[in-house]
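Visitor: Sharing a structure, written as structure tokens. Questions coming.
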Amino acid sequence: MSIPKLEFPPFHLPAEAEALRGEVRAFLKETLPKIRSEDRFASWNTPSPEFSRALGAKGWLGITWPKQYGGAERSFLDRLVVTEELLGNSAPAGSHWVADRQSGPLLLKFGTEQQRQAILPRIARGECYFSIGMSEPDSGSDLASVRTRAEPVPGGFRVNGTKVWTSGAHRNHYCITLVRTSGQHGDRHKGLSQLLVDLKTPGVTIRPIINLAGRHDWNEVTFSDAFIPEDCLIGNEGDGWIQVTSELAFERSGPERFMQNVYVLRELVRVLGRQPAKRASAILGRLIARLWTLRQMSTAVAGMMQGGKSPAIEASLVKDLGTIYQQDLPEIARTLAESDATTEEDLADFLDVAQYASMMAPSYTIQGGTTQVLRGIVARGLGLR
Amino acid sequence: MDRDTRDMLLETASRFFTERAGKDIVNGVEKGVWPADLWKEIEEMGLPLIAVPEEQDGVGGTLADLMALLRVAGEHAVPVPVAETALANLLVASAGGKPASGPSTVALGGLSLQGGRVSGKVARVPFAGVAERFVSIIMAGGKPTLVVVPRDAVSIEDTPSHAGEPYGTVTFDGATPEFSAVSPVSADRAFELAALARTMQMAGAADKVLVTATEYCKQRVQFGRPISTFQAIQHMLAELASYVAATIASADSAARDADEGGLEKGGSFSIAAAKTQTSDFAHRIAALSHQSMGAMGFTHEHILHHYTRRLWVWRRDFGSESFWGEKIGESFARAGKDELWPALSESRYAA
Numbered sequence: 003m004s005i006p007k008l009e010f011p012p013f014h015l016p017a018e019a020e021a022l023r024g025e026v027r028a029f030l031k032e033t034l035p036k037i038r039s040e041d042r043f044a045s046w047n048t049p050s051p052e053f054s055r056a057l058g059a060k061g062w063l064g065i066t067w068p069k070q071y072g073g074a075e076r077s078f079l080d081r082l083v084v085t086e087e088l089l090g091n092s093a094p095a096g097s098h099w100v101a102d103r104q105s106g107p108l109l110l111k112f113g114t115e116q117q118r119q120a121i122l123p124r125i126a127r128g129e130c131y132f133s134i135g136m137s138e139p140d141s142g143s144d145l146a147s148v149r150t151r152a153e154p155v156p157g158g159f160r161v162n163g164t165k166v167w168t169s170g171a172h173r174n175h176y177c178i179t180l181v182r183t184s185g186q187h188g189d190r191h192k193g194l195s196q197l198l199v200d201l202k203t204p205g206v207t208i209r210p211i212i213n214l215a216g217r218h219d220w221n222e223v224t225f226s227d228a229f230i231p232e233d234c235l236i237g238n239e240g241d242g243w244i245q246v247t248s249e250l251a252f253e254r255s256g257p258e259r260f261m262q263n264v265y266v267l268r269e270l271v272r273v274l275g276r277q278p279a280k281r282a283s284a285i286l287g288r289l290i291a292r293l294w295t296l297r298q299m300s301t302a303v304a305g306m307m308q309g310g311k312s313p314a315i316e317a318s319l320v321k322d323l324g325t326i327y328q329q330d331l332p333e334i335a336r337t338l339a340e341s342d343a344t345t346e347e348d349l350a351d352f353l354d355v356a357q358y359a360s361m362m363a364p365s366y367t368i369q370g371g372t373t374q375v376l377r378g379i380v381a382r383g384l385g386l387r
Numbered sequence: 099m100d101r102d103t104r105d106m107l108l109e110t111a112s113r114f115f116t117e118r119a120g121k122d123i124v125n126g127v128e129k130g131v132w133p134a135d136l137w138k139e140i141e142e143m144g145l146p147l148i149a150v151p152e153e154q155d156g157v158g159g160t161l162a163d164l165m166a167l168l169r170v171a172g173e174h175a176v177p178v179p180v181a182e183t184a185l186a187n188l189l190v191a192s193a194g195g196k197p198a199s200g201p202s203t204v205a206l207g208g209l210s211l212q213g214g215r216v217s218g219k220v221a222r223v224p225f226a227g228v229a230e231r232f233v234s235i236i237m238a239g240g241k242p243t244l245v246v247v248p249r250d251a252v253s254i255e256d257t258p259s260h261a262g263e264p265y266g267t268v269t270f271d272g273a274t275p276e277f278s279a280v281s282p283v284s285a286d287r288a289f290e291l292a293a294l295a296r297t298m299q300m301a302g303a304a305d306k307v308l309v310t311a312t313e314y315c316k317q318r319v320q321f322g323r324p325i326s327t328f329q330a331i332q333h334m335l336a337e338l339a340s341y342v343a344a345t346i347a348s349a350d351s352a353a354r355d356a357d358e359g360g361l362e363k364g365g366s367f368s369i370a371a372a373k374t375q376t377s378d379f380a381h382r383i384a385a386l387s388h389q390s391m392g393a394m395g396f397t398h399e400h401i402l403h404h405y406t407r408r409l410w411v412w413r414r415d416f417g418s419e420s421f422w423g424e425k426i427g428e429s430f431a432r433a434g435k436d437e438l439w440p441a442l443s444e445s446r447y448a449a
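Protein chains in written order, with my numbering: chain A, 3 to 387; chain B, 99 to 449.
Structural data, given as structure tokens:
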């Protein structure tokens with residue numbers, strides 16, 4: 003019994019992708035100052051419909067999709083470059099993020115022709131935004147235990163239940179909702195389906211769940227006898243589990259798993275000044291080296307996926323390391339700034355940045371698969387279970 | 099060499115190291131027994147000449163081929179100077195010299211060259227205790243000059259490494275080189291290449307540590323079942339795998355960049371970042387693997403320490419994470435915050 007060898011074959015992004023990087027960078031340089039949201043340190047969870055529409059107008063949303071659905075038929079590596087630049091420049095990508103990354107691809111793969119035509123072009127224009135209706139009060143990491151029930155009725159489903167941690171439901175148009183359409187609670191993977199829910203449907207109530215930083219990102223979405231038409235079923239009735247697992251794969255190894263708070267590093271560089279002490283330079287350099295490594299790993303995973311492989315273990319390792327990096331970063335940066343910031347004003351300003359980043363940090367190792375779930379996946383890959 | 103040829107060479111080397119450079123040989127070197135037969139066979143396979151061009155009687159491989167070989171050597175804790183000799187030979191050949199047989203090493207930094215004589219002292223020269231010659235690159239008359247100094251022209255104080263390999267402090271007191279020539283590779287670049295070599299050896303060792311700890315936990319039964327079935331152990335090994343993965347990925351990326359950019363300057367930043375990364379995580383890899391194996395892995399009897407002790411030594415060799423991290427940090431600070439992402443995404447120093 004030998005364990006599989008971990009490999010991260012170095013991968014170069016192709017020349018077209020790098021050329022696109024230049025275009026995106028130039029666009030962001032011009033656009034971001036005009037669109038700055040109230041957040042000083044935006045990322046993929048900071049919404050800005052204005053920015054998303056501008057990005058859509060450039061043809062950079064749904065970039066890999068067929069042209070008939072508003073896509074650009076470009077490669078998945080082109081998409082990676084756009085993502086990297088949005089994150090690297092702390093663009094407010096929150097409005098379109100979920101729609102572009104996972105809801106659109108899910109509809110493309112499993113949706114009906116009518117659903118694709120109605121929705122994908124709007125996502126690609128940066129006009130149509132999605133939430134994820136997976137978790138429930140009693141279903142977190144154990145997603146197969148969902149209780150929200152969609153009872154078949156003439157012409158559709160009557161839905162009852164509650165979804166939680168539903169990011170952006172108060173701003174977005176749709177929520178792809180995982181429901182039980184047949185069988186009993188406890189049947190696990192069987193009898194689950196995904197519904198395309200218009201968030202304005204009567205019987206759907208959205209209430210804020212405020213997070214510890216005082217932000218309203220999350221919501222509780224309650225279904226009380228909400229009628230969802232049958233043409234809103236995504237894929238086949240009963241295939242919900244397979245579909246949702248494929249959707250989760252989009253959530254794992256992308257650069258958002260290590261670049262969400264890259265603004266901390268950028269601000270750290272600013273407050274340390276142009277000539278930090280040797281020790282401060284060394285600590286800064288170690289943080290930069292870790293980020294560089296994560297990017298090499300993520301690019302290698304993309305290369306393997308481009309080559310037709312499914313590097314599930316490698317992708318899980320990227321998320322594990324990347325999210326822990328994002329938790330270490332504000333803490334290491336904070337103590338370094340305390341000893342080495344060039345001025346008192348810079349230090350005070352930076353400590354606010356770091357404090358905010360530290361408050362957000364616990365979410366990184368929870369969303370998109372907790373560290374413990376990921377380590378279970380890796381352990382299985384190592385042949386331990 | 100092409101991909102198939104390289105894979106075949108690596109497979110042959112791996113099998114050879116498994117058979118001929120096992121536990122007893124590694125422990126023997128620690129007791130001061132030089133494995134002459136092992137070295138002879140390594141030379142017969144051409145490994146120290148892997149990156150020397152064919153027209154200079156070498157194997158004609160690339161820098162990437164050499165680095166891939168060193169990862170395999172690291173995976174077997176090969177206790178002879180394959181890395182040092184192959185690097186020395188590559189440097190000599192690039193300066194137009196002819197590599198000699200026998201173990202060599204590099205003595206980098208701290209030397210001066212005046213009137214054709216080499217002076218100065220270099221500490222922690224790897225395999226100084228067994229090397230037949232010392233290769234260095236010294237700035238002289240505004241040009242990097244490569245010198246090859248024979249063993250009998252220097253004095254050596256033995257300072258074995260904490261992995262038990264024959265490191266030493268080498269004093270050059272007006273030593274006369276047996277060969278010297280202008281070098282296309284600068285002194286700093288030679289140091290970078292040596293750091294890259296260690297990075298690859300660390301990747302190999304890290305890989306072996308993960309395999310060793312994982313296999314052990316599958317075998318070891320406590321409370322009536324293999325300890326690998328306990329979630330606490332599974333998560334610990336998964337975490338170990340993440341640090342090993344970072345080590346491997348950074349080392350391989352740096353080797354690729356160094357090779358593509360050429361012997362004289364390729365992948366400068368990537369090497370610095372990779373040596374910082376591998377050195378930074380060496381402790382975590384050692385700590386978790388030892389924790390997973392309990393007292394068993396802390397004995398001299400077990401082979402785990404062949405790898406963990408090397409990780410601790412190699413992270414210090416040719417610049418630790420502090421040394422290379424400082425270079426990176428200085429550069430990014432000097433360039434300012436807006437250069438951070440552009441430089442990082444292009445794997446280059448910021449300024």
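C-beta atoms are modelled at their ideal positions from N, C-alpha and C, and glycine is treated no differently. Predicted model only: the values in this text are computed from it and were never measured.
Looking at alanine 193/B and serine 259/B, is the spacing between their C-beta atoms short of 8 Å?
Guide: Residue 259/B sits at position 161 when you count from the first residue of the second sequence. Residue 193/B sits at position 95 when you count from the first residue of the second sequence. With contacts defined as CB atoms closer than 8 Å, serine 259/B and alanine 193/B fail to qualify as a contacting pair.
Visitor: In the DSSP assignment, find the beta strand (DSSP E) that holds glutamine 212/B and state where it starts and stops.
Guide: Walking along the second sequence from the start, residue 212/B turns up at place 114. Residues 209-212.
Visitor: Spatial neighbours of aspartate 415/B within its chain, please: CB distance less than 6 Å, with the 5 preceding and 5 following residues excluded, ordered by chain position.
Guide: Taking the first residue of the second sequence as 1, we reach residue 415/B at position 317. Hits under 6 Å: Arg296.
Visitor: Is it right to say glycine 350/A is buried, meaning 16 or more other beta carbons lie within 10 angstroms of its own, or is it exposed?
Guide: Taking the first sequence and counting its residues from 1, one reaches residue 350/A at position 348. It should be noted that the sequence gives alanine, not glycine, for residue 350/A. By the 10 Å Cβ count, alanine 350/A comes out exposed.
Visitor: Tell me, please, which residues DSSP counts as bridged to threonine 224/A.
Guide: Taking the first sequence and counting its residues from 1, the one referred to as residue 224/A is at position 222. Paired residues: Thr164/A, Thr207/A.
Visitor: Taking a cut of 8 Å between CB atoms, which residues from the region 289-302 of chain A lie near chain B?
Guide: Ile290, Ala291, Arg292, Leu293, Trp294, Thr295, Leu296, Arg297, Gln298, Met299, Ala302
Visitor: How close, in whole Å, do the beta carbons of tryptophan 412/B and glutamine 332/B come, if the pair is a contact with beta carbons under 8 Å?
Guide: Within the second sequence, residue 412/B is the residue found at index 314, counting from 1. Within the second sequence, residue 332/B is the residue found at index 234, counting from 1. With 8 Å as the limit, tryptophan 412/B and glutamine 332/B do not qualify as a contact, their Cβ atoms being about 28 Å apart.
Visitor: So lysine 316/B is in the beta strand (DSSP E); what residue range does that whole segment cover?
Guide: Along the second sequence, read from residue 1 onward, the residue named residue 316/B stands at position 218. Looking at the DSSP string, lysine 316/B is not in any beta strand (DSSP E); the run it does join, the alpha helix (DSSP H), is 285-317.
Visitor: Indicate the three-state DSSP secondary structure (helix, strand or coil) for threonine 269/B in the structure shown.
Guide: Numbered from 1 along the second sequence, position 171 holds the residue referred to as residue 269/B. Strand, per DSSP.
Visitor: Using the Cβ count rule (16 or more neighbours within 10 Å means buried), how would you classify methionine 3/A?
Guide: As a first step, residue 3/A is located in the first sequence; it is residue number 1 there, counting from the start. Note that methionine 3/A scores a pLDDT of 46, beneath 50, so its modelled location is shaky; the value from the coordinates is reported in the next line. Result: exposed.
Visitor: Closer than 8 Å, CB to CB, is serine 10/A near chain B or not?
Guide: Taking the first sequence and counting its residues from 1, the one referred to as residue 10/A is at position 8. This sequence places phenylalanine at residue 10/A; serine is not what is there. Yes, phenylalanine 10/A lies at the interface with chain B (some Cβ there is under 8 Å from its Cβ).
Visitor: Taking 8 Å as the limit between beta carbons, can you name the residues of its chain near asparagine 213/A, skipping five residues before and five after?
Guide: Working through the first sequence from its first residue, we reach residue 213/A at position 211. So the list reads Asp219, Trp220, Ser365, once near-sequence residues are dropped.
Visitor: Check whether the region 116-134 of chain A touches the region 77-92 of chain A, counting contact only when three or more Cβ pairs, one atom from each stretch, lie closer than 8 Å.
Guide: no
Visitor: Who are the neighbours of aspartate 350/B on chain A, taking C-beta pairs under 9 Å?
Guide: Here the question's residue 350/B lines up with position 252 in the second sequence. Near aspartate 350/B (Cβ distances below 9 Å), the residues of chain A are Glu9, Phe10, Pro11, Pro12, Gln298, Ala302.
Visitor: Can you tell me whether DSSP reads glycine 158/A as helix, strand or coil?
Guide: In the first sequence, the residue the question calls residue 158/A occupies position 156. Strand.
Visitor: Residues of chain A with a CB under 7 Å from the CB of valine 342/B: which are they?
Guide: Here residue 342/B is taken as the residue at index 244 of the second sequence, counted from 1. Correct list: Leu8.
Visitor: Report the option in Asn162/A, Glu249/A, Phe159/A, Asp330/A whose CA atom is closest to the CA atom of methionine 261/A.
Guide: Sequence index remark: in the first sequence, residue 261/A carries index 259 (1-based). When only C-alpha atoms are compared, the closest one is Asp330/A.
Visitor: Any contact between the region 191-205 of chain A and the region 137-144 of chain A? By contact I mean 3 or more CB pairs, one from each, below 8 Å.
Guide: no
Visitor: Which same chain residues end up closer than 6 Å to tryptophan 167/A when comparing Cβ atoms and leaving out the 5 residues on each side of it in sequence?
Guide: One-based indexing of the first sequence puts residue 167/A at position 165. The residues are Ser137, Trp220.
Visitor: Span of the alpha helix (DSSP H) holding glycine 359/B?
Guide: As a first step, residue 359/B is located in the second sequence; it is residue number 261 there, counting from the start. Element bounds for glycine 359/B: 329-359.
Visitor: What is the DSSP secondary structure of glycine 218/B, reduced to helix, strand or coil?
Guide: Mapped onto the second sequence, residue 218/B falls at position 120. DSSP places glycine 218/B in strand when its eight states are reduced to three.
Visitor: State the DSSP-derived secondary structure class of glycine 378/A, mapped to helix, strand or coil.
Guide: The sequence position of residue 378/A within the first sequence is 376, counting from 1. Look at glycine 378/A here: in three-state DSSP terms it is helix.
Visitor: Would you say serine 283/A reaches chain B, if we count a Cβ-Cβ gap shorter than 8 Å as a contact?
Guide: Within the first sequence, the letter at position 281 stands for residue 283/A. True, the Cβ-Cβ gap to chain B drops below 8 Å.
Visitor: Here's a check: name, in chain order, each residue in its chain whose Cβ is nearer than 6 Å to the Cβ of phenylalanine 277/B, leaving out the five neighbours to either side.
Guide: Position 179 of the second sequence, counted from the start, is the residue given in the question as residue 277/B. Within the same chain, phenylalanine 277/B has close Cβ partners Gly195, Val246.
Visitor: If you run the structure through DSSP and keep just helix, strand and coil, what is tyrosine 176/A?
Guide: Sequence index remark: in the first sequence, residue 176/A carries index 174 (1-based). Looking at tyrosine 176/A - three-state DSSP - the assignment turns out to be strand.
Visitor: Grab the span of the beta strand (DSSP E) containing aspartate 200/A for me, first residue to last.
Guide: Within the first sequence, numbered from 1, the residue matching residue 200/A stands at position 198. Looking at the DSSP string, the run of the beta strand (DSSP E) that includes aspartate 200/A is 194-200.
Visitor: Determine the DSSP secondary structure at isoleucine 52/B, reduced to helix, strand or coil.
Guide: Not covered by the structure: residue 52/B. The range shown for chain B is 99 to 449.
Visitor: Check whether the region 70-83 of chain A touches the region 142-159 of chain A, counting contact only when three or more Cβ pairs, one atom from each stretch, lie closer than 8 Å.
Guide: no
Visitor: Would a C-beta distance cut-off of 8 Å place glycine 392/B and leucine 402/B closer than the cut-off?
Guide: Translated into positions along the second sequence, residue 392/B becomes position 294. Translated into positions along the second sequence, residue 402/B becomes position 304. Not a contact, by the Cβ cut-off of 8 Å.
Visitor: DSSP three-state call for threonine 257/B: helix, strand or coil?
Guide: Here residue 257/B refers to the residue found at position 159 when the second sequence is read from its first residue. Threonine 257/B: coil per DSSP, three-state reduction.
Visitor: If you follow the beta strand (DSSP E) that alanine 372/B is part of, which residue opens it and which one closes it?
Guide: As a working note, residue 372/B is residue 274 in the second sequence. Segment 366-395 is the alpha helix (DSSP H) holding alanine 372/B; no beta strand (DSSP E) there.
Visitor: Could you pull the start and end residues of the beta strand (DSSP E) that lysine 241/B belongs to?
Guide: Position 143 of the second sequence holds residue 241/B. Per DSSP, lysine 241/B belongs to the beta strand (DSSP E) from 241-248.
Visitor: Methionine 334/B: buried (16+ other C-beta within 10 angstroms of its C-beta) or exposed?
Guide: Residue numbering aside, residue 334/B sits at position 236 when the second sequence is read from its first letter. It is buried - the Cβ of methionine 334/B has at least 16 other Cβ atoms within 10 Å.
Visitor: Take the Cβ of arginine 101/B as the centre, count every other Cβ of all protein chains shown within 10 Å, and call the residue buried at 16 or more, exposed below.
Guide: Counting from 1 along the second sequence, the entry for residue 101/B is found at position 3. That one is exposed.
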